[in-house]
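For reference, the structure is listed below as structure tokens.
Residue numbers (full-length UniProt numbering): 1 to 96.
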């Protein structure tokens, strides 16, 4: 039996401290921990980055998906093409 998958979400690293306060011990302590939740079996797989996430981080906007911008642009282009294809052209009314 395979082991349980864990969520692949890692929060963004905090901004580095100034040089005067920088210390090797404090930098290690400030590194973010990854999500400890279990990945959702079917709905937790991101189709954009191919990673597995928990129910809280399964959406691309919640786990800072690197392919999200390209996906949004593609969706906008598809929507624009669909609207252009569905345009109706009204017939001119002939006055009698």
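Don't be surprised by glycine CBs; every beta carbon is placed ideally from N, CA and C.
Complete runs of the beta strand (DSSP E) confined to the region 30-86 [at least 3 residues]: none
Return the chain-ordered list of same chain residues with a C-beta closer than 8 Å to the C-beta of residue 51, the five sequence neighbours on each side being excluded. 8, 45, 63
Excluding the 5 residues flanking residue 67 on each side, which residues of the same chain have their C-beta closer than 8 Å to its C-beta? 48, 49, 60
Taking C-beta to C-beta, are residue 54 and residue 37 nearer than 9 Å? Taking 9 Å as the cut-off, the Cβ atoms of residue 54 and residue 37 count as close.
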